[in-house]
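Chains as they are written, first to last, in this note's numbering: chain A, 9 to 285; chain B, 9 to 285.
Right, one structure below, let's go through it.
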C-alpha cells in the first residue's frame, strides 16, 4: 500500500455517501495535522479544537472513536516506517435525507494520510500578498475548523506563484492566511490577530502563545492588525500544522530582512514537537 | 427501481470520492427543484442561478452536461409515471489533492430524485419563529446557492415543531427563512428583503417578482425589513422550490389572519408552474 491512503468509519475506503451532510452542506469539522515519527503532532490541541467544533455544531462522536480511528492509521503507518505524513481527519454529521433538519443516524469519520515534506525542508522564505476576498464576521463559527471554506477557496484562487495570501475581515482587519495564522514582530513583541469574529484558532498558533514564546522569553499580544501594521513590522511569520513556522520574506512589495523571532521559535518548535505530548 | 435514486456524473450511483472538494470544503453549488408532471419546474431560473454561482466560484461545467444529466433522470422518471418528485442537483469542483489550491481534473455533477408531496397538498398555514443564528454579511457569496450552509444548519437546529425559522443578518435585518424566502404584505404592497449581503435568491421569489405579482396587479418592493416590520404586516408568505408559496399563520406570538395576497399568488403560481417554460 502506498500513500495517499484513506479510511472511512474505520475501514479502508475512499468513498462516502452522496447523501453525506458533509457533501450536501459542508456540515462537518476537520483537522489537518502531521504525523511525525509515527505520532500525531500537537494531537491534544487538534482534539480539543475538534471537540470545540463538535460543541458548536452539535456533531456527536466519542473521542474514543476518533482516537481508535487514528490508532488504526498509526499502526499501519508504523509498518511503512514513514517519518512524516500529512493527515486529514474529517468528522461530518453523516448521511441523511433531504433538508437542513434531516437527522443522520451516525456521524461519518474519515482519515486520509498523504506524503509531506519534512518540516525542516519546508522553504522558510515565504512570499505573501493581501487577498481581496474578505472573511465575513460570524462569531458563532470563529475559531473552529468547520467544513464551510469557500472564503478560503476564493482567496486561494487569487494567488499566482505566491506562497500564501492574507485575508482581512469585512472591517479591513488582517485575520489570518488562507491556510495559516499570522504573527508579526514589533518592538520585541509578537502580535497576532484574535480569531473571535472569524478565522481559525491554529494549533501551532496556540503552541506559540502557550509554550514556545514564553519559553523563548517573547511576549505575545492578541490584537487587531491592519494592513499598515504589516509593513511597519520587523518580521512576519506564518504558522500551520503542516508547514510549522515559516518566515515571510516579502509581503506585497515590502521586504522583511529580520528573522530573529522566527529562528528562535522554530528551534523551540522542533524541540517542542518531539517532546510535548 | 424506487425513489430515492441517485446519479453521479451521469451514472447511477450513490457515492462520491472522499477527496471531493464538495466534501472537503463545501466547494460546490446546488439546486433543489421540483419535477412536476415529468418536467423540472422553473428550470430556467434554476439553471441561471447555477450559472451565476459557477461564475462566482469559478466551477466549470458546460450547461450541456447539466441538462443531459437531467434528461437522463427525466427519461427514467417518465417510466415511473410520477407526477411529483424532489430533485437535488449538486455541482462540486470535483476530487482533488490536499489544500485549497489543489486543482480538480473535472467537476462532479450529481443528481438525486426523491418523493415529495404534491404542491397543493403542502399545508399552507406555517408557524415560524425568529432564529437566533445570524447570517454573516458576505456580499461575494450572496444570492447564489453554494455548499457552505452551516448557518442554515445551526438555525434549523433551533426549530422545535415550527415549520420554518427566519434568519436576520448581523445588522439585525430579516433576510430569509432557513430554507425559504420571505415576503410580507402591507398597504397593498409585497415587501421582500434584498439578497445582496447574504441569503439566497430563490426561484419562486424571482417568479413572484418578475411574473406572478405583476400578473396579479401587486407591486413588489425589495426593502430592508426588521423584526418589528413582521408583526405589523397584514400577511406573511414563505416561498421555496419544493413547497411553493406558503401562508404564515403565526410568527412567534403574532397571528396573521389575512391570506388575500397569498391566495392570489398561489393561484397564479399553480397556473404559471404548468405553462411558463
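The beta carbon of each residue, even a glycine, is placed where N, CA and C say it ideally should be.
All figures in this text were calculated on a predicted structure; none of them were measured in a lab.
query = Quick one: is residue 155 (chain A) buried, meaning 16 or more other Cβ sit within 10 Å of its Cβ, or exposed?
reply = buried
query = Does the beta-carbon distance from residue 192 (chain A) to residue 244 (chain A) come in below 9 angstroms?
reply = yes
message = Counting C-beta neighbours from all protein chains within 10 Å, is the total for residue 63 (chain B) 16 or more, i.e. buried, or is it exposed?
response = exposed
query = Looking at C-beta atoms only, is the number of pairs between the segment 49 to 67 of chain B and the segment 140 to 152 of chain B that lie closer than 8 angstroms three or more?
reply = As far as the Cβ criterion goes, the segment 49 to 67 of chain B touches the segment 140 to 152 of chain B, which means the pair count is three or higher.
message = Which runs of the alpha helix (DSSP H) at least 4 residues long sit entirely within the segment 164 to 246 of chain A? Give them in chain order.
response = Listed in chain order, the complete alpha helix (DSSP H) runs (minimum 4 residues) inside the segment 164 to 246 of chain A are 211 to 215 and 235 to 239.
Neighbour flag for residue 154 (chain B) against chain A, beta carbons, 9 angstroms = yes
ask   = Which of the three DSSP states, helix, strand or coil, is assigned to residue 69 (chain B)?
value = coil
ask   = Beta carbon of residue 189 (chain B), beta carbon of residue 247 (chain B): below 9 angstroms?
value = yes
Where the segment 26 to 53 of chain B meets chain A: residues whose CB sits under 9 angstroms from a CB there = Look at the segment 26 to 53 of chain B: the residues with a C-beta under 9 angstroms from a C-beta of chain A are 26, 27, 28, 29, 30, 31, 32, 33, 34, 35, 36, 38 and 40.
key: is_contact[residue 19 (chain A), chain B] using C-beta, thresh 9 angstroms   = Chain B, which has no Cβ nearer than 9 angstroms to the Cβ of residue 19 (chain A), makes this no.
request  = Please check the pair residue 126 (chain B) and residue 171 (chain B), which I expect to be a contact at CB under 8 angstroms, by giving their CB distance rounded to whole angstroms.
outcome  = The Cβ separation is near 17 angstroms, so there is no contact.
message = In the DSSP output, what is residue 97 (chain B) paired with across the bridge?
response = B:39 and B:119
request  = Using the Cα positions of residue 85 (chain B) and residue 277 (chain B), report the straight-line distance between them to the nearest angstrom.
outcome  = 23 angstroms
query = In terms of residue numbering, what span does the beta strand (DSSP E) encompassing residue 252 (chain A) cover?
reply = 252 to 259
request  = Identify the contact partners of residue 66 (chain A) in chain B, using a Cβ-Cβ distance below 7 angstroms as the criterion.
outcome  = 165
task = Compare the C-beta of residue 142 (chain B) with all C-beta atoms of chain A and state if any pair is closer than 9 angstroms.
result = Residue 142 (chain B) belongs to the set of residues whose beta carbon lies under 9 angstroms from a beta carbon in chain A.
Beta-carbon contacts of residue 104 (chain A) that lie in its chain and below 7 angstroms, excluding the five residues immediately before and after = 27, 29, 110, 111 and 112
key: At least three beta-carbon pairs within less than 8 angstroms, the segment 159 to 171 of chain A to the segment 223 to 241 of chain A   = Cβ pair count under 8 angstroms is below three, so no.
ask   = For chain A, is any of its Cβ atoms less than 9 angstroms away from the one on residue 122 (chain B)?
value = yes
query = So with Cβ pairs under 9 angstroms, would you call residue 118 (chain B) a contact of chain A?
reply = yes
query = From the DSSP output, which residues share a beta bridge with residue 154 (chain B)?
reply = B:37
inquiry  = For residue 228 (chain B), would you say it is in contact with chain A, using Cβ-to-Cβ distances shorter than 9 angstroms as the test?
reply    = Among the CB atoms of chain A, none fall inside 9 angstroms of the CB of residue 228 (chain B).
inquiry  = Among the candidates A:78, A:233 and A:211, whose CA atom is the shortest distance from the CA of residue 252 (chain A)?
reply    = Checking every option, the nearest Cα to that of residue 252 (chain A) belongs to A:211.
ask   = Which chain A residues sit within Cβ distance under 7 angstroms of residue 262 (chain B)?
value = Neighbours of residue 262 (chain B) on chain A: none; closest Cβ ~23 angstroms, over 7 angstroms.
inquiry  = Is there a Cβ of chain B sitting closer than 9 angstroms to that of residue 159 (chain A), yes or no?
reply    = It does; some Cβ of chain B falls within 9 angstroms.
ask   = Among A:120, A:230, A:145 and A:196, which residue has its Cα nearest to the Cα of residue 269 (chain A)?
value = A:196
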